[in-house]
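Engineer: Sequence lines, in order, name chains A, B, C and D. Taking our numbering as reference, the numbering of the first sequence is continuous, increasing by one, and the terminal residue is 1136. Taking our numbering as reference, the numbering of the second sequence is continuous, increasing by one, and the terminal residue is 1136. Taking our numbering as reference, the numbering of the third sequence is continuous, increasing by one, and the terminal residue is 1136. Taking our numbering as reference, the numbering of the fourth sequence is continuous, increasing by one, and the terminal residue is 1136. Ideal Cβ placement from N, Cα and C applies to all residues, glycine included. Source: prediction; values computed, not measured. This is the structure, below, for whatever I ask next.
Protein chains: 4
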Amino acid sequence: MRIAFFGLGNMGAPMALNLLRAGHQMVIFNRTAEKAAPLIEAGATLARTPVDAVENCDVAITMLANDSAVRDTILANTSGQAAVIDRLPRGAVHMCTSTISVALSRELTEAHLRHGQNYVAATVLGRPEAAEQKKLWVMAAGPHDQIERCRPLMDAIGRGVSVMGEQPWQANLTKIASNFMLASVLETMGEAFALVRKSGMDPHAFLDVVNSLFASPVYANYGRIIADRQFKPAGFRLKLGLKDIGLAIEAGQEVSVPLPLASLVRDHYLTAIARGRENEDWAAVAEVAAENADLVNRVG
Amino acid sequence: MRIAFFGLGNMGAPMALNLLRAGHQMVIFNRTAEKAAPLIEAGATLARTPVDAVENCDVAITMLANDSAVRDTILANTSGQAAVIDRLPRGAVHMCTSTISVALSRELTEAHLRHGQNYVAATVLGRPEAAEQKKLWVMAAGPHDQIERCRPLMDAIGRGVSVMGEQPWQANLTKIASNFMLASVLETMGEAFALVRKSGMDPHAFLDVVNSLFASPVYANYGRIIADRQFKPAGFRLKLGLKDIGLAIEAGQEVSVPLPLASLVRDHYLTAIARGRENEDWAAVAEVAAENADLVNRVG
Amino acid sequence: MRIAFFGLGNMGAPMALNLLRAGHQMVIFNRTAEKAAPLIEAGATLARTPVDAVENCDVAITMLANDSAVRDTILANTSGQAAVIDRLPRGAVHMCTSTISVALSRELTEAHLRHGQNYVAATVLGRPEAAEQKKLWVMAAGPHDQIERCRPLMDAIGRGVSVMGEQPWQANLTKIASNFMLASVLETMGEAFALVRKSGMDPHAFLDVVNSLFASPVYANYGRIIADRQFKPAGFRLKLGLKDIGLAIEAGQEVSVPLPLASLVRDHYLTAIARGRENEDWAAVAEVAAENADLVNRVG
Amino acid sequence: MRIAFFGLGNMGAPMALNLLRAGHQMVIFNRTAEKAAPLIEAGATLARTPVDAVENCDVAITMLANDSAVRDTILANTSGQAAVIDRLPRGAVHMCTSTISVALSRELTEAHLRHGQNYVAATVLGRPEAAEQKKLWVMAAGPHDQIERCRPLMDAIGRGVSVMGEQPWQANLTKIASNFMLASVLETMGEAFALVRKSGMDPHAFLDVVNSLFASPVYANYGRIIADRQFKPAGFRLKLGLKDIGLAIEAGQEVSVPLPLASLVRDHYLTAIARGRENEDWAAVAEVAAENADLVNRVG
């Protein structure tokens, strides 16, 4: 398929590469040109503007940082210039893989419909290494035929697909709820390791038990990061973690569902950010629990 | 070895049976005689009193409900009568598998030392089915030689052993921290499923994604219970969950470590108990999250 | 002065009346005409559109429900039509008494500056009865000369003025922080009264002690509402309380200040709304605490 | 009346002095003799042991730090020696002014009854200055005739008395709930002032508004301490604040009432203690909110 791809960050770049390897044609646009180089080398074409990128494409894929970036790229019509949505061909599909709000997903659904286009949400679970290894898990939602049309693309970037329903926002809510669950694990570990460490025990011995208990790669991976207190480089930046917890709280407010654990985690992310950790891995929220126990300058 | 076994509840009974099957001799004592029947059939002898049970034994094993039960059985010296600790032979070992407080574990360590006896904490992870299938995970702590002496017993009840250190309380703290982590999973799922359900999505479809994400038997097991809203019969009763969260908070207070997530979970257990759920599975804390979203009478 | 007044709700109407009584000229605009009747009787003139209302005025006063209403009335320029800000005379002042966000207050400051107009925030503390009795407390912020220019208006509606600084947002933040403090009192009372009631004590006897302790009209007023469980009619609606707690959390996020108590209160307001209490007095958050203790159907 | 007085701390000493000034006879006992000097000078007699102190007294008054001190003084019967309760004359009354648990108050009620003695709880609100100025507020509970018997003593130490019921624990619960409400004010102020300060505003200007809003001596007093960040010397030590919040949580657990705000405050007190603030005024919990916003080293 002819793909227009937006968003060559540490998730988007390997996803785009896997799509190229699967034999698809690709036009890319990125604000910082240097990130485009490896993809051009792999066969992609560089567009001069976002609008140019979607001319003649079958599918536009977005892997952008947040609501504002997706809105600016797809919907914004500033200074009288055309937006991507104005040039995306009728009948083409926008497959949005970004973690965006339920509200924006609904807005995109309607906007694309009005333009005679299709819209599918295909959110992904996994960190950059998983993206490189084609091991993402895809949560897709949208009209059945469009899901099937996009399935080869999903297969090219991941190890499996869960279809969440016919309404695109269902994939977004699933992603938001999943990230909330991950953030809860980080908070839980932060508190548990603070207790164990301040009591004078070896955190790595405790981690072995945690792994026996959960037998989960999520716990193994984040447990190691937290036991080692190794929060750089970030697999997923803490400020994006705050954004995602905010999306969960916002989704909860929309349907009057309190999420007190999300509130607690959010407040700890704010402290982490106040202390300059916005670009550390989001697992660094564990340091807030350690600091609350005055463990900052202790060893172990 | 000659074992005196105390506590034939839904964890203790299968553990005792596995010890008998491994060829050990056993004297049992239990307040409710009928629970003793299957073990007597399997070769155990019934003692008339706790004190009689430990005469001539090599090891006394306790799998009792809480601090108060362990204290009453082992240490209490009421009405001038002898306590178990007064009759346990010098050189014998007390292997305590109950989930008790760090403080009581320290008190037992000293008390047994004064009596020329040995003390080992060997706490276990796993629900009744795991106990039956000899699949518990054992967290042991105590003097090295006593751990080795008790290892055949641990092997007889579990699938593996983590040695946490030379001080018995280390095994208790590990168990307490582990149960706190499990309780956090239940709270997290409660909130996430409330969000997903009230938004109009199928909780079982969401559970599939959760399983893809965590790939953990803990999430699979509790996720099913919560998605099905099937909280009876209880694998682990909610009022025991409250007790264990209390132990975590108490252990935190001892070393000045706040555990705000434990506080949140504790408050939700109180609401669950206020509403009559004390004998449901502790996963029923998820219903509090659902009720807070006014999901009580809704389907899905 | 010639005043254009927007927002004749249960706060705005008595404020406007007091301004008329102080001898000012007034043009009013309100979407629902019947609310204008008592003011017209008192001498106000009804404008056909918001834009008409500000022609020739010295000061435009807004007492609207939220950010969106202020934005729509003052800034919105829909369908190519002029907005209020386009017609407010150069040199005139917009005195905004609504509880709006710090962010919108900053935006208004800049927008009015660009239009050669002045902007003052003059937020108010007090419930509808206080507005009627000219007993509001005014928190003002803005350029010194404009504060002085508006002071007669502030004196006409309240019992005193605190000048918070030269930047209008300072008055908004003060109001937001004050409402957060009030909301905290309601949560505190909700929990304390739940404890006292479920223990079997008389809540009114406890209220007497609370009044001896705090000797504050705020505690006396809300304490009575909560002890009587009389949440209708609403002095301040619960859904506006949720909005204001949201403004506090938003203001905190802007400067990376976690407000865990605001988060807790917000979650309880969501539950209250999920259960249909959005139009009760915001003190009804106390019922959530009572329900969490399963006190719903009990007397006392 | 002939009074035996126990507990000459910064509350007990001025209370005892006011009782002497009211013309009562007094025998005192205190572990640290130097604290007794001013009272002996004012006419009190020093007893050699607690047991000696109650010989021939009409009323024993306790103003001790916590459950453990009250238990040790009144009930403990160690090494075969008599306890105070064994020597307090039949028909005498124990008037307990300490902040103790509901559970211990119930235990004392029964123990004194068994000994043919009377028991009244007369807890007090107010800081040391209020005790000196005879301005405490007394919350009394117990049998009607005993309350009346003790009323002259209550009048001698305070400005007023609220009678909470016929069961002594009702006075204890009232005190516990009142201290929870005060602690909530401190937490609320801590968060509100952190928000205001980090936004760049003057905390004293904000305090003026708070005083206009609440018009309460409690807010004026603690607001000044927090705005000045002057937490020494302590009027009420933070570690006692933690104890009292613990009593509230314990009282809540007894009747299955969650107190999430108490939980939040408790966790912040733990952090304050972890950071070495246990002997500062309990208002220093506000510093935790400031530190969570990384305001530690900032001025203002």
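1. Going along chain C in order, which residues have a C-beta closer than 7 Å to the C-beta of B:A1129?
2. Using the beta-carbon of each residue, which ones in chain B are nearer than 7 Å to C:T1107?
3. Does the beta carbon of C:G843 come closer than 8 Å to any beta carbon on chain D?
4. Would you tell me roughly how many angstroms separate the C-alpha atoms of B:R1113 and D:H948, rounded to the nearest one?
5. Given a threshold of 16 other Cβ atoms within 10 Å of its Cβ, counted over all protein chains shown, does A:Q917 qualify as buried or as exposed?
6. Does B:S1148 have its Cβ less than 8 Å from a Cβ in chain D?
7. Go ahead and label B:S1020 buried or exposed: buried means 16 or more other beta carbons lie within 10 angstroms of its beta carbon, across all protein chains shown.
8. With a threshold of 8 Å between beta-carbons, can B:S937 be considered close to chain D, or not?
9. Let me see if you follow: with CB-CB separation under 8 Å, is D:D1080 close to chain B or not?
10. List the residues that DSSP assigns as beta-bridge partners of D:H930.
11. Following the continuous alpha helix (DSSP H) through A:E1042, name the residue where it begins and the one where it ends.
12. Does C:G879 come out as helix, strand or coil in the three-state DSSP assignment?
13. Tell me where the alpha helix (DSSP H) around C:V1121 begins and ends.
14. Only counting runs of 4 or more residues, tell me where the alpha helix (DSSP H) segments fall wholly within the segment 979–1058 of chain B, in order along the chain.
15. Since C:D894 and C:A928 are thought to touch, with beta carbons under 8 Å apart, how far apart are those beta carbons, to the nearest angstrom?
16. So, does the CB of A:Q1089 fall closer than 8 Å to a CB anywhere in chain C?
17. Compute the Euclidean distance between the alpha carbons of D:L1022 and D:Y1058, then round it to the nearest angstrom.
18. For C:R830 and C:G1082, what's the separation of their Cα atoms in angstroms?
19. Among residues of its own chain, excluding the 5 on either side of C:G879, which ones have a beta-carbon nearer than 6 Å to its beta-carbon?
20. Looking at the unbroken beta strand (DSSP E) that takes in D:L1131, where does it start and where does it end?
21. Run through chain A and tell me which residues come within less than 9 Å of B:F1016, C-beta to C-beta.
22. Under 7 Å Cβ to Cβ from C:L882, same chain only, skipping five residues before and after it: list those, please.
23. How is A:R857 classed by DSSP in three states: helix, strand or coil?
24. In chain B, what lies closer than 9 Å to D:P1094 by C-beta?
25. Kindly list the residues whose CB is nearer than 6 Å to the CB of D:T1107, restricted to its own chain and excluding five residues on each side of it in sequence; keep chain order.
26. When DSSP labels each residue in this structure, what does B:I1062 get in the three-state scheme?
27. How about B:M931 and B:G845: do their beta carbons lie closer than 8 Å?
28. Is the Cβ of D:S1138 closer than 8 Å to any Cβ of chain B?
29. Nearest to A:A1041 by CA position, among B:G978, B:G1077, B:G1001, is which residue?
30. Along chain C, in chain order, which residues have C-beta atoms closer than 7 Å to that of D:Q1006?
31. Suppose the cutoff is 6 Å on Cβ atoms and the five residues either side in sequence are ignored; what does the same chain contact list for C:F841 look like?
32. Which chain D residues are close to C:T885, counting only those with a beta carbon under 8 Å from its beta carbon?
33. Relative to chain D, which residues along the segment 976–1000 of chain B have a C-beta separation below 9 Å, given in chain order?
34. Could you tell me whether the Cβ of A:S941 comes closer than 8 Å to any Cβ of chain C?
35. With DSSP as the reference, label A:L844 as helix, strand or coil.
36. For D:V974, report the span of its beta strand (DSSP E) as first-last.
Structural biologist: In this structure, then:
1. If you number the second sequence from 1, residue 1129 of chain B lands on position 293. The answer, in chain order, is A1110.
2. Sequence index remark: in the third sequence, residue 1107 of chain C carries index 271 (1-based). Under the 7 Å cutoff, chain B gives N1128.
3. Reading the third sequence from its first residue, position 7 is the one you call residue 843 of chain C. Not an interface residue.
4. On the second sequence, position 277 is the one that residue 1113 of chain B refers to. On the fourth sequence, position 112 is the one that residue 948 of chain D refers to. Cα to Cα, the separation comes out at about 37 Å.
5. As a first step, residue 917 of chain A must be located in the first sequence, where it is residue number 81. Exposed, because fewer than 16 other Cβ atoms sit within 10 Å of the Cβ of A:Q917.
6. Lying before the first or after the last residue shown, residue 1148 of chain B is absent from chain B, which here runs from 837 to 1136.
7. Sequence index remark: in the second sequence, residue 1020 of chain B carries index 184 (1-based). With 16 or more Cβ atoms within 10 Å of its Cβ, B:S1020 is classed as buried.
8. Here residue 937 of chain B refers to the residue found at position 101 of the second sequence. No, no contact with chain D.
9. For the purposes of this step, residue 1080 of chain D is taken as residue 244 along the fourth sequence, with counting starting at 1. No, D:D1080 lies away from the interface with chain B (no Cβ there is under 8 Å from its Cβ).
10. Walking along the fourth sequence from the start, residue 930 of chain D turns up at place 94. The partner list for D:H930 (beta bridge, DSSP) reads D:A896, D:Y955.
11. Locating residue 1042 of chain A in the first sequence gives position 206, counting from the first residue. The residue you asked about is not Glu; residue 1042 of chain A is Phe in the sequence shown. Unbroken alpha helix (DSSP H) run through A:F1042: 1039–1050.
12. Taking the third sequence and counting its residues from 1, one reaches residue 879 of chain C at position 43. If DSSP states are grouped into helix, strand and coil, C:G879 belongs with coil.
13. For this step, residue 1121 of chain C is matched to residue 285 along the third sequence. Looking at the DSSP string, the run of the alpha helix (DSSP H) that includes C:V1121 is 1121–1128.
14. 980–993, 1005–1034, 1039–1050
15. As a first step, residue 894 of chain C must be located in the third sequence, where it is residue number 58. As a first step, residue 928 of chain C must be located in the third sequence, where it is residue number 92. Confirmed, Cβ separation roughly 6 Å.
16. Translated into positions along the first sequence, residue 1089 of chain A becomes position 253. By this cut-off, A:Q1089 is an interface position.
17. In the fourth sequence, counting from the first residue as 1, residue 1022 of chain D sits at position 186. In the fourth sequence, counting from the first residue as 1, residue 1058 of chain D sits at position 222. Answer to the nearest angstrom: the Cα atoms are 7 Å apart.
18. Here chain C covers residues 837 to 1136 and nothing more, so residue 830 of chain C does not appear.
19. Sequence index remark: in the third sequence, residue 879 of chain C carries index 43 (1-based). Excluding residues within five positions, the ones whose Cβ falls inside 6 Å are L856.
20. In the fourth sequence, residue 1131 of chain D corresponds to position 295, counting from 1. No beta strand (DSSP E) contains D:L1131, which DSSP labels as neither H nor E.
21. Taking the first residue of the second sequence as 1, we reach residue 1016 of chain B at position 180. Going along chain A in sequence order, the residues near B:F1016 (Cβ under 9 Å) are T1024, E1027, A1028, L1031.
22. Here residue 882 of chain C refers to the residue found at position 46 of the third sequence. The answer, listed in chain order, is I864, A872, I876.
23. By 1-based counting over the first sequence, the position of residue 857 of chain A is 21. Residue state, collapsed to three classes: helix.
24. Numbered from 1 along the fourth sequence, position 258 holds the residue referred to as residue 1094 of chain D. Chain B residues near D:P1094: R1102, D1103, H1104, Y1105, L1106, T1107, A1110.
25. As a working mapping, residue 1107 of chain D is identified with position 271 in the fourth sequence. The residues are V1124.
26. As a working note, residue 1062 of chain B is residue 226 in the second sequence. If DSSP states are grouped into helix, strand and coil, B:I1062 belongs with the helices.
27. To locate residue 931 of chain B, count along the second sequence from 1; it is residue 95. To locate residue 845 of chain B, count along the second sequence from 1; it is residue 9. Cβ atoms of B:M931 and B:G845: not closer than 8 Å.
28. Nothing about residue 1138 of chain D can be reported from this structure: the residues present for chain D run from 837 to 1136 only.
29. Residue 1041 of chain A sits at position 205 when you count from the first residue of the first sequence. Checking every option, the nearest Cα to that of A:A1041 belongs to B:G1001.
30. Locating residue 1006 of chain D in the fourth sequence gives position 170, counting from the first residue. Neighbours of D:Q1006 on chain C, chain order: M1037.
31. Here residue 841 of chain C refers to the residue found at position 5 of the third sequence. Around C:F841: A852, M862, I864, I897.
32. Along the third sequence, one-based indexing puts residue 885 of chain C at 49. Residues of chain D passing the Cβ test: none, with the nearest at roughly 36 Å.
33. none
34. Along the first sequence, read from residue 1 onward, the residue named residue 941 of chain A stands at position 105. No, its Cβ sits nowhere closer than 8 Å to a Cβ of chain C.
35. Translated into positions along the first sequence, residue 844 of chain A becomes position 8. Residue state, collapsed to three classes: coil.
36. If you number the fourth sequence from 1, residue 974 of chain D lands on position 138. Its beta strand (DSSP E) spans residues 972–977.
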